[in-house]
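J.:
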Amino acid sequence: MAREAVIRVRTEGERGLQRALQGIVRAAHRASSEQRRDAQTTTRAVEREEERRARSHSRTVRQELDDTRRAERQKRREAQETARAEETVLRRLRTQRRAARSEEGGGGPSFGSRLRAAGSQAAAGAVAVGRRAFARVEGYQAALGVPSRDEQVRMFIEAQQNLIRTTSQAGVTTEERNRAMAEVGRVATATNTDPTDLLNTLSMAQERFSNLPVDQLEAFARAAQASGSNVGDWAAAAGEFNRQLGVSQDEMSDLVGAIYQAGRAGSINPGDFASTFSGSMSAFRRFRGEGAMGASGAGEFIALSQSLGAGGLTPSETNTALGAFMRIGRSGRVRNAIERRIGRDTFDEQGRLAISSSDLLQRMHDDGSFATPRGLERMGIVDDQAQLAISMLMGRFEATGGNEVASLMGVSSAEGNRSIDDTVSALMHSTSGRAQAVGIESQVNFLQNGEQLVQIMTQLEGPLSDFQSRMPVTSEALSFLGETARDVGVTFAAMR
1 MAREAVIRVR TEGERGLQRA LQGIVRAAHR ASSEQRRDAQ TTTRAVEREE ERRARSHSRT
61 VRQELDDTRR AERQKRREAQ ETARAEETVL RRLRTQRRAA RSEEGGGGPS FGSRLRAAGS
121 QAAAGAVAVG RRAFARVEGY QAALGVPSRD EQVRMFIEAQ QNLIRTTSQA GVTTEERNRA
181 MAEVGRVATA TNTDPTDLLN TLSMAQERFS NLPVDQLEAF ARAAQASGSN VGDWAAAAGE
241 FNRQLGVSQD EMSDLVGAIY QAGRAGSINP GDFASTFSGS MSAFRRFRGE GAMGASGAGE
301 FIALSQSLGA GGLTPSETNT ALGAFMRIGR SGRVRNAIER RIGRDTFDEQ GRLAISSSDL
361 LQRMHDDGSF ATPRGLERMG IVDDQAQLAI SMLMGRFEAT GGNEVASLMG VSSAEGNRSI
421 DDTVSALMHS TSGRAQAVGI ESQVNFLQNG EQLVQIMTQL EGPLSDFQSR MPVTSEALSF
481 LGETARDVGV TFAAMR
């Protein structure tokens, strides 16, 4: 009995334990199911939220694309309207010019004579015609950074007065100055260059070099337009090459083409040659002797400078390194060490380089001893800047696959000048170039007809008469004078 009771208790205990375990398992299953349901619910909620966000983002992107397309269409419409307005003005100017020429060919009085004869009404009408014509392109010119009308005329008159003072002090004759003025007008029209810049260029050249580069003015202006630089920088660079290295006036065209062509592969611009490198030119003359002179010597100097600059140096750093490189021949010990490595004909008796710079660098590269600081030190070249210059020039062999200085010395000035001509032609025939030409032509007409314009404006009644009664037409009057002269100038451009 007792044993059966024990067995029964044990059995009941096992059953209770089994039921408990089964309950735990069922609870775990329920918890797992609920967890899965919660996870699924959360996942669906996340997916729905992501879908909602994706749809919202897609709508935003589409809206932004639509806005961008609308803005682009608006810009295109505005550009087309501007171009049409400009073309309308240009056609009107051409029509008026043809009509005026036809009338003049029939024996009619000149435009200026008609204005003076008609008095203030005709003068005021000329102002009105010019004002209407110029208003159509003035907005386009403002977008190009062209100064306002009164600013342009003020700068122009100041530049003209400065040239007159400079040339008078230098003893330039009236005939020579008048020829220079006429050339300014011709070059401005031929190259779309602001005549104020040309006048300032002539003044600078007269003051700095005691020379009026009238015959070279167009070459400088064309190079400046093609390179996007200042015409005065080209004239100043040419003046330095003439003064320091003896480049003749007949060689100036070749010099301009060579500077332009070599500059396309380097980082040194005409303004740098005119200022930063001026001292180095005289050092180059001592370094190379007669080999530094003329267009060929200038080409060698340009090649050395551009090759060093192409290595990543600034113009100032390039100038410093170039000066250190040219000083290596001053020491007899260094010259002898170099000649033992690359040839006894390297330097002359005065210590000047007897071979070209490109030949010197080629020999240095072929020898191999000049490629490391230790090799340079063994030859007595211990100056850090000299070592830097030689290291960079040697490095250009690997960077370009050849003798870069020799290649730059061999650039075609004719090719450079052809590239200048092609670029200037494209600029002048562009829409923006034609818009600029209207303003240039009006300034040129003001230059060529200044006295006639002043006579016309003195006949104007109203504001100008009152203005003149208060003060003379001096610098204080230029703001008013500028607007009136510009409008009359545009009319002159239309009637020529």
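FYI, in the working numbering the residues of the sequence shown are 1 to 496.
Where a beta carbon is used, it is the ideal one built from N, C-alpha and C, also for glycine.
Owing to the predicted nature of the structure, the values given are computational and were not obtained by experimental measurement.
Go to residue 272, then tell me how far its alpha helix (DSSP H) extends in each direction, as first and last residue.
T.: It spans 270-274 - the alpha helix (DSSP H) in which residue 272 sits, taken as one unbroken run.
J.: For residue 199, which residues of its own chain have a beta-carbon under 7 Å away from its beta-carbon, when the five flanking residues on both sides are left out?
T.: So the list reads 159, 160, 163, 184, once near-sequence residues are dropped.
J.: Does DSSP put residue 496 in a helix, in a strand, or in coil?
T.: In this prediction, residue 496 has a pLDDT of 43, which is less than 50 and means its spatial position is unreliable; nothing more can be read from the coordinates.
J.: Within 10 Å of its beta-carbon, does residue 240 have 16 or more other beta-carbons around it, so buried, or fewer, so exposed?
T.: Buried.
J.: Taking its Cβ as the centre, do 16 or more other Cβ atoms sit within 10 Å of residue 445, making it buried, or is it exposed?
T.: By the 10 Å Cβ count, residue 445 comes out buried.
J.: Following the continuous alpha helix (DSSP H) through residue 365, name the residue where it begins and the one where it ends.
T.: Its alpha helix (DSSP H) spans residues 357-367.
J.: Can you tell me whether residue 266 is buried or exposed? The criterion is at least 16 other CB atoms within 10 Å of its CB, across all chains shown.
T.: Classification for residue 266: buried.
J.: Work out the CA separation of residue 274 and residue 399 for me, nearest whole Å.
T.: Cα to Cα, the separation comes out at about 28 Å.
J.: Rounded to whole angstroms, what's the CA-CA distance from residue 387 to residue 308? Just pull it up for me.
T.: Each residue's Cα considered, the two are about 13 Å apart.
J.: Measuring alpha carbon to alpha carbon, tell me which of 385, 427, 415 ends up nearest residue 263.
T.: The shortest C-alpha separation from residue 263 is found at 415.
J.: Return the Cβ separation of residue 321 and residue 204 in integer angstroms, given the expectation that the two are a contact with Cβ distance under 8 Å.
T.: Contact doesn't hold; Cβ gap of about 29 Å is too wide.
J.: Between which residues of its own chain and residue 470 is the CB-CB distance below 6 Å, once the five residues before and five after are set aside?
T.: The predicted position of residue 470 is uncertain, since its pLDDT is 39 and thus under 50; a value taken from the coordinates is nonetheless stated next. The answer is none, since no qualifying residue turns up.
J.: For residue 260 and residue 405, what's the separation of their Cα atoms in angstroms?
T.: In a straight line, the C-alpha of residue 260 is about 16 Å away from that of residue 405.
J.: Going straight from the alpha carbon of residue 326 to that of residue 289, what length do you get?
T.: Looking at the two C-alpha atoms, the distance is approximately 12 Å.
J.: Can you confirm whether residue 349, when its beta carbon is compared against all beta carbons of chain C, has any partner nearer than 7 Å?
T.: The chain labelled as chain C is not found in the depicted structure, where only one protein chain is given.
J.: What residues are listed by DSSP as bridge partners for residue 353?
T.: Partner(s): 347.
J.: Residue 245 and residue 170 - do their beta-carbons sit closer together than 7 Å?
T.: Not in contact: residue 170 and residue 245 (Cβ atoms no closer than 7 Å).
J.: What first and last residue would you give for the alpha helix (DSSP H) that runs through residue 249?
T.: Where residue 249 is concerned, there is no enclosing alpha helix (DSSP H), given that its DSSP letter is neither H nor E.
J.: I need the boundaries of the alpha helix (DSSP H) containing residue 328, first residue and last residue.
T.: Looking at the DSSP string, residue 328 is not in any alpha helix (DSSP H), and its letter there is neither H nor E.
J.: Taking residue 210 as the reference, which of 243, 222, 258, 192 has the closest Cα?
T.: Taking only the C-alpha atoms, the option nearest residue 210 is 243.
J.: Measuring CA to CA, which of 423, 381, 55 is closest to residue 333?
T.: Minimum Cα distance to residue 333 is reached at 381.
J.: In its own chain, which residues sit with a C-beta less than 6 Å from the C-beta of residue 390, not counting the 5 before and 5 after it?
T.: 370.
J.: Where does residue 15 sit, in a helix, a strand or coil, going by DSSP?
T.: Helix, per DSSP.
J.: Look at the alpha carbon of residue 438 and the alpha carbon of residue 193, and state the distance between them as a whole number of angstroms.
T.: Near 12 Å, if we compare the C-alpha coordinates of residue 193 and residue 438.
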